[in-house]
Amino acid sequence: ELKVEQNPLFLSMQEGKNYTIYCNYSTTSDRLYWYRQDPGKSLESLFVLLSNGAVKQEGRLMASLDTKARLSTLHITAAVHDLSATYFCAVGGGADGLTFGKGTHLIIQP
Amino acid sequence: NAGVTQTPKFRILKIGQSMTLQCTQDMNHNYMYWYRQDPGMGLKLIYYSVGAGITDKGEVPNGYNVSRSTTEDFPLRLELAAPSQTSVYFCASRSYRSSYNEQFFGPGTRLTVL
C-alpha cells in the first residue's frame, strides 16, 4: 500500500524567512505532484515532478524530487503572506488516481 | 472551457437520505475521479473511471456508487447517508494523452449528514 507522509503538518513562519516542506512516500512511483489549497477552495496544481533530480521553480517556490530516497521537498524562499495556504504532495499519476499526504498548513505572518 | 464543474456546492442531508453529486467536464478527458477530503486530511480516492462504461473502486468506496454513461459526466451516488460521509467531495479529470497525467479538480461539494 502506497503511503505518503508530509512534515511538518503545521508551520507558522514570518515573512522573509525560508523554509522547507518534506514529502516522503513508501513505494516507487512515476510522478509526484504538489498542490496548493486555499481555505474553502479547490486544489491548484503547482508542480509535477517526473524524474530523479527534477527541480522546478515558480516564484518563491521550488520543488525537487529524489526518487532513490523517495523524497520530495517544497522550498519557500523569502516567504510572503500570500503564500499562506495548505500544501499537499501526491504520488501516482496512473489510471487509478493519486495518493495524497495529509497536507502542510502554512501560515505566514507579517 | 468551464473545466470540471460540480453541483451542488453545499448540501445538508438527514441520516438515511440519498443524493447524487454531479460532476461534468468539458475537456474530453477519459479519466475521471471522485475524492473525499475530511477536515485536516488529504484527499482519498472513492471511485474512478477510465472511460464511458468503465468504473472501479478506490481506497474508500463503501457507501457510494458511480456510473459513467458519457465521457463528460461522472455522478456519485450516496444511497443511505451516514454521518461518516460528512466531507468535502472533489471530482477530477485528466487526459490519457498527457505525459504529466495532471488531474484537474472541480470546486468541490461540501456535504453534511445530520
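The listed protein sequences correspond, in order, to chains B and V. Take 1008 as the starting number for the first sequence in this note's numbering and just add one per residue. Take 14 as the starting number for the second sequence in this note's numbering and just add one per residue. Ideal Cβ positions, reconstructed from N, Cα and C, are used throughout, including at glycine. Please read all numbers here as calculations on a predicted model, not as lab measurements.
Going straight from the alpha carbon of residue i to that of residue j, what length do you get?
i: V:Gly121; j: B:Leu1056; result: 25 Å
i: V:Phe117; j: V:Arg107; result: 6 Å
i: B:Gly1023; j: B:Trp1041; result: 22 Å
i: B:Leu1072; j: B:Gly1104; result: 20 Å
i: B:Gly1108; j: B:Leu1050; result: 13 Å
i: B:Gln1013; j: V:Gly64; result: 32 Å
i: B:Ile1083; j: B:Phe1054; result: 13 Å
Quick one: is residue i near chain B, going by C-beta distance under 9 Å?
i: V:Asn41; result: no
i: V:Asp4; result: Within the shown structure, residues of chain V are numbered from 14 to 127, placing residue 4 of chain V beyond reach of any answer.
i: V:Val63; result: yes
i: V:Gly71; result: yes
Would you mind giving the Cβ-Cβ distance between residue i and residue j, rounded to the nearest angstrom? I have them listed as a contact below 8 Å.
i: B:Leu1016; j: B:Val1098; result: Going by Cβ atoms, the distance from B:Leu1016 to B:Val1098 rounds to 17 Å, so no, they are not a contact pair.
i: V:Leu91; j: V:Gly76; result: 7 Å
i: V:Gln30; j: V:Ala94; result: 5 Å
Take the Cβ of residue i as the centre, count every other Cβ of all protein chains shown within 10 Å, and call the residue buried at 16 or more, exposed below.
i: B:Gly1066; result: exposed
i: B:Val1070; result: Correcting the residue type first, residue 1070 of chain B is Ala in the shown sequence and not Val. Buried, because 16 or more other Cβ atoms sit within 10 Å of the Cβ of B:Ala1070.
i: V:Met45; result: buried
i: B:His1088; result: exposed
i: B:Gln1044; result: buried
i: B:Ser1019; result: exposed
For residue i, decide whether its Cβ has a neighbour in chain V, counting only Cβ atoms nearer than 9 Å.
i: B:Tyr1040; result: yes
i: B:Asp1073; result: no
Select from the stretch 1077-1110 of chain B all residues with a C-beta closer than 7 Å to any C-beta belonging to chain V, and list them in chain order. Listed by position, the residues of the stretch 1077-1110 of chain B near chain V (Cβ gap below 7 Å) are Phe1095, Gly1100, Ala1102, Asp1103, Gly1104, Leu1105, Phe1107, Gly1108, Lys1109, Gly1110.
Quick one, which residues of the stretch 1046-1062 of chain B are near chain V if we go by CB-CB under 9 Å, in chain order? The residues in question are Gly1047, Lys1048, Ser1049, Leu1050, Glu1051, Ser1052, Val1055, Leu1057.
Taking beta-carbon pairs under 7 Å, can you tell me which members of the stretch 94-123 of chain V lie near chain B? So the list reads Phe103, Tyr113, Asn114, Glu115, Gln116, Phe118, Gly119, Pro120, Gly121, given in the order they occur along the chain.
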